[in-house]
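Number of protein chains: 2
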Amino acid sequence: MKINRPTLIIDEKKARRNIAFMADKAKKLNLIFRPHFKTHQSATVARWFRKIGVKQIAVSSLAMAHYFYKHNWDDIHIAFPYNILECQGLNELAKNIKIKVSIESQEALSHLKSYVKNPIQYMIIIDVGYGRTGIDASNWKSILSLANQGNSTCQFSGLMAHAGHTYDARGLNDIEKTHSSSLSKLETLVEKFVNPPFVSYGDTPSCSVSENFNLISEFRCGNFVYYDVTQTLIGSCTVDQIAVAMACPIVAEHYDRNEVVIYGGAIHFSKDFVMTPYKHFGQIVNFTNNGWKILEDVYLKKISQEHGIIHLPKNIDKNQFSIGHIIGILPVHSCLTADLMMGQQTLSGLPIEKMIRI
Amino acid sequence: MKINRPTLIIDEKKARRNIAFMADKAKKLNLIFRPHFKTHQSATVARWFRKIGVKQIAVSSLAMAHYFYKHNWDDIHIAFPYNILECQGLNELAKNIKIKVSIESQEALSHLKSYVKNPIQYMIIIDVGYGRTGIDASNWKSILSLANQGNSTCQFSGLMAHAGHTYDARGLNDIEKTHSSSLSKLETLVEKFVNPPFVSYGDTPSCSVSENFNLISEFRCGNFVYYDVTQTLIGSCTVDQIAVAMACPIVAEHYDRNEVVIYGGAIHFSKDFVMTPYKHFGQIVNFTNNGWKILEDVYLKKISQEHGIIHLPKNIDKNQFSIGHIIGILPVHSCLTADLMMGQQTLSGLPIEKMIRI
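Protein chains in written order, with my numbering: chain G, 1 to 358; chain W, 359 to 716.
Next up, the structure:
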């Protein structure tokens with residue numbers, strides 16, 4: 001690898017394996033697979049999905065929908081509450097491709113129906129316990145009212161939920177517990193409909209580990225494409241499934257305090273951290289000929305804007321941490337790190353095209 | 359303001375006032391003013407500095423040095439440990455403009471001298487207690503050895519320190535205490551030189567509040583151009599001096615739990631937070647005709663990738679928080695927020711040119 005500044009390295013084989021795993025699981029469960037592309041935001045990685053037959057995707061902003069539209073994706077769900085201030089851009093996009101939007105209030109739906117003139121579909125966001133967005137799953141009256149307002153231009157196309165509180169889970173039982181409680185809320189709701197609605201669902205922890213997707217019509221998870229350190233702690237994946245590592249040059253040696261300093265900081269990693277049990281911002285790996293190898297007890301201890309401080313165990317061989325050496329860091333939260341990094345490539349050096357941030 | 363998605367708004371008047379304040383202070387103390395441009399990373403804002411006579415700047419990466427070189431800045435200090443892997447790009451830049459690099463080891467200096475053929479200056483990074491980079495101020499032997507290796511191509515040009523531990527301060531006394539201890543370490547060091555070296559110094563807290571810069575030759579602070587919520591807690595500035603606010607659309611109302619959801623999350627704010635006493639990611643303001651006004655007890659409580667949850671006090675007028683309304687958020691850490699935001703404009707709507715991230 002000819003790298004001289006922080007660069008996101010993608011292990012294409014692992015990413016493709018993660019993609020195949022989730023696609024196969026959806027198929028086995030007879031679910032539509034509509035992966036969320038907010039994690040990679042990449043036309044290159046998107047092609048890996050297309051290669052195995054994926055045609056429907058989710059994104060988290062109109063800007064991201066535009067990006068993938070330009071890269072020939074024509075069935076896109078903007079899985080974020082409809083932003084009425086972007087109705088014009090949305091209307092233009094809906095002229096050209098199939099668009100689903102996400103609705104959670106009468107006000108938003110009324111606005112959508114007044115301002116968007118091209119055929120569009122809407123899904124109702126259901127809160128299954130995460131408490132971020134959505135109508136509470138028990139609020140049948142509001143949900144039914146929104147569901148009944150579809151027409152030929154603005155068509156009701158089902159319910160969507162994101163059990164984001166699985167991110168608080170630590171271990172499979174925890175994930176299953178949160179997932180079951182979310183599903184059971186959906187179940188009670190769905191039973192009230194005369195015709196069972198289409199249900200889109202998809203946090204990475206649940207989709208990775210559970211086998212129980214009764215009532216669910218579609219997987220909408222995203223992080224699984226790369227996974228990350230947080231997902232290993234939750235129990236969604238093993239560390240071997242993590243498909244991204246930041247490559248960062250070592251710029252200063254401070255062996256006296258068991259530390260080295262890298263070119264790589266908050267503007268590359270973001271500032272999400274984990275406690276395992278020490279607070280850290282990433283797990284250190286050594287790059288090998290065809291991947292990377294975990295270095296036990298070596299972690300990214302502290303970050304400021306461009307600086308990162310790596311903690312080294314006392315009796316580790318310091319030669320691999322000398323100035324000019326490139327080390328790898330498995331990110332704590334791959335969605336944020338991938339979002340930040342414009343410089344991305346595969347292990348074999350192929351460039352990864354990435355959406356330009358706005 | 360015609361804004362429909364997260365946009366960083368810069369109060370030009372306040373930013374120019376902050377710039378003038380620091381420039382005047384440096385002048386009064388008879389110091390060179392070499393502002394750090396890593397906070398704004400903007401050719402537009404850079405012109406505000408040039409307007410009042412600034413000609414020398416600091417940056418935190420070779421990429422940033424290139425950006426400002428292209429915008430006609432010709433005296434640039436890369437205030438980050440010399441990354442030996444970028445020697446080629448550095449050498450090319452040094453052919454065209456005056457470049458200072460930052461050195462903290464024999465290995466880095468030897469490399470610089472072997473590989474960089476165009477005249478360049480180097481400063482020695484001194485650790486005055488922050489513990490990030492630099493040679494400990496008491497390590498006279500190493501410091502003298504590096505200082506003595508200058509030649510006509512690679513010229514020793516002084517010491518540099520960053521008392522970043524002032525960021526742990528809460529209040530003026532705390533800042534002064536950390537600052538004094540840092541200065542006294544430098545003092546002991548400088549006294550050992552036969553000819554007192556040039557000393558570059560500059561964390562925003564110290565430069566904002568202290569009057570004691572004995573031995574210091576140059577201010578190298580950066581954050582002061584915008585300040586932020588963290589700096590108000592440290593005691594570096596008042597909330598009225600904060601010159602940036604994020605403008606974000608409200609996309610969902612959840613008054614029942616005293617919350618609204620904005621389009622604006624970790625990819626816009628980064629994930630730095632403060633505890634005052636509740637954990638939060640930004641202080642909410644209302645935009646007015648010519649600026650913004652603080653809303654007491656309204657804060658950015660939680661963020662995920664694109665979503666932000668705003669906490670509202672129980673008896674606040676909810677009308678100003680309805681769907682489609684744009685609210686402002688004073689960032690916790692303006693350096694990271696400004697780094698993330700490509701969409702930036704002044705209060706009057708003039709676009710702010712920003713370095714494209716790499």
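Glycine residues also receive a C-beta, built at the ideal position from the N, C-alpha and C atoms. Keep in mind that this is a model prediction, so the values were computed, not measured.
Next item on the list: Would you kindly work out how many angstroms separate the C-alpha atoms of Leu183/G and Ile329/G, rounded to a whole number?
Entry: 35 angstroms
Check: So, using beta-carbon positions, are Arg528/W and Leu591/W closer together than 8 angstroms?
Finding: In contact: Arg528/W and Leu591/W (Cβ atoms closer than 8 angstroms).
Next item on the list: Could you tell me how far apart the beta carbons of Arg38/G and Gln663/W are, in whole angstroms, since I believe they sit closer than 8 angstroms?
Entry: Here the sequence assigns Lys to residue 38/G, which means Arg is not the residue at that position. That pair is a contact at about 6 angstroms.
Notebook entry, point to check: Of all the CB atoms in chain W, is at least one closer than 8 angstroms to the CB of Val101/G?
Noted result: no
Check: How would you label Thr634/W, buried or exposed, when you count the other beta carbons within 10 angstroms and need 16 or more for buried?
Finding: exposed
Notebook entry, point to check: Is Asp168/G close to chain W, meaning its C-beta is less than 8 angstroms from at least one C-beta of that chain?
Noted result: no
Next item on the list: Find the residues of chain W that neighbour Asn18/G, judging by a C-beta separation of less than 8 angstroms, and give them in chain order.
Entry: Close partners of Asn18/G in chain W (Cβ separation under 8 angstroms) are lacking, with about 19 angstroms as the shortest Cβ gap.
Next item on the list: Assign Ser152/G to buried or exposed, taking buried as 16 or more other Cβ atoms, counted over all protein chains shown, within 10 Å of its Cβ.
Entry: exposed
Notebook entry, point to check: Counting Cβ pairs, one atom from each stretch, are 3 or more of them under 8 angstroms apart for the segment 362-382 of chain W and the segment 597-610 of chain W?
Noted result: yes
Notebook entry, point to check: Applying the criterion that 16 or more other CB atoms from any shown protein chain within 10 Å of the CB defines a buried residue, is Thr238/G buried or exposed?
Noted result: exposed
Note to self: If I measure Cβ to Cβ from Trp498/W and keep anything under 6 angstroms in the same chain, skipping five residues before and after, which residues do I get?
What the structure shows: Lys550
Notebook entry, point to check: Would you say Leu85/G faces chain W, with C-beta separation under 8 angstroms as the test?
Noted result: yes
Checklist line | Contained beta strand (DSSP E) runs [length at least 3] in the segment 1-71 of chain G, N- to C-terminal order | finding: 7-10, 57-59
Margin query: So Cys335/G contacts chain W; which residues on that side make the cut at Cβ distance below 8 angstroms?
Written below: Close partners of Cys335/G in chain W (Cβ separation under 8 angstroms): Gln663.
Notebook entry, point to check: Along chain W, in chain order, which residues have C-beta atoms closer than 8 angstroms to that of Lys38/G?
Noted result: Gln663, Glu664
Notebook entry, point to check: Which whole-angstrom value is the C-beta distance of Ile99/G and Ile124/G, which I expect to be below 8 angstroms?
Noted result: Not confirmed; about 16 angstroms, so no contact.
Checklist line | Identified DSSP bridge partners for Asn644/W | finding: Lys651/W
Next item on the list: Work out the CA separation of Ala161/G and Asp127/G for me, nearest whole Å.
Entry: For Asp127/G and Ala161/G, the gap between their C-alpha atoms comes out near 6 angstroms.
Note to self: Ile608/W and His669/W - do their beta-carbons sit closer together than 8 angstroms?
What the structure shows: Their beta carbons are not under 8 angstroms apart, which means His669/W does not touch Ile608/W by this criterion.
Notebook entry, point to check: Would you call the CB atoms of His429/W and Cys445/W closer than 8 angstroms?
Noted result: The Cβ atoms of His429/W and Cys445/W do not sit closer than 8 angstroms to each other.
Check: From this set, Leu340/G, Arg5/G, Ala247/G, Met342/G, which residue's C-alpha is nearest Leu300/G's C-alpha?
Finding: Ala247/G
Next item on the list: Would you be able to state if there are at least three C-beta pairs under 8 angstroms between the segment 554-572 of chain W and the segment 378-391 of chain W?
Entry: yes
Checklist line | Nearest-angstrom Cα separation, counted from Asp561/W out to Gly487/W | finding: Their Cα atoms are separated by approximately 13 angstroms.
Notebook entry, point to check: Going by Cα to Cα distance, which pick from Ile135/G, Arg50/G, Lys95/G is closest to Val116/G?
Noted result: Of the listed residues, the one whose Cα sits closest to Val116/G is Lys95/G.
Margin query: Tell me whether Arg17/G, by its Cβ, gets closer than 7 angstroms to a heavy atom of the ligand ZN.
Written below: What this structure holds is no ligand at all, so the ligand ZN is not there to describe.
Checklist line | Residues of its chain near Val632/W, where Cβ-Cβ distance is below 7 angstroms and the 5 sequence neighbours each way are ignored | finding: Val587, Thr588, Leu591, His638, Val690.
Notebook entry, point to check: How about Ile327/G and Val261/G: do their beta carbons lie closer than 8 angstroms?
Noted result: no
Checklist line | As assigned by DSSP and simplified to three states, the class of Tyr488/W | finding: Looking at Tyr488/W - three-state DSSP - the assignment turns out to be coil, as it is neither helix nor strand.
Item checked: Local Cβ density within 10 Å of Gly411/W, reported as buried at 16 or more and exposed below that -> exposed
Note to self: Counting only beta-carbon separations shorter than 8 angstroms, does Glu545/W have a partner in chain G?
What the structure shows: Glu545/W does not count as touching chain G.
Margin query: Classify Ile19/G: buried if its beta carbon has 16 or more other beta carbons within 10 angstroms, exposed otherwise.
Written below: buried
Note to self: Considering only DSSP beta bridges, list what His638/W is partnered with.
What the structure shows: Val632/W, per the DSSP bridge assignment.
Check: Which residue spans inside the segment 186-270 of chain G form an unbroken beta strand (DSSP E) run of at least 3?
Finding: 199-201, 244-254, 259-263
Next item on the list: Check whether the Cβ of Glu465/W lies closer than 8 angstroms to any Cβ atom in chain G.
Entry: At least one chain G Cβ lies under 8 angstroms of Glu465/W.
Check: DSSP three-state call for Gln155/G: helix, strand or coil?
Finding: strand
Note to self: Rounding to the nearest angstrom, what Cα-Cα distance links Phe407/W and Gln399/W in this structure?
What the structure shows: Straight-line Cα distance between these residues: approximately 12 angstroms.
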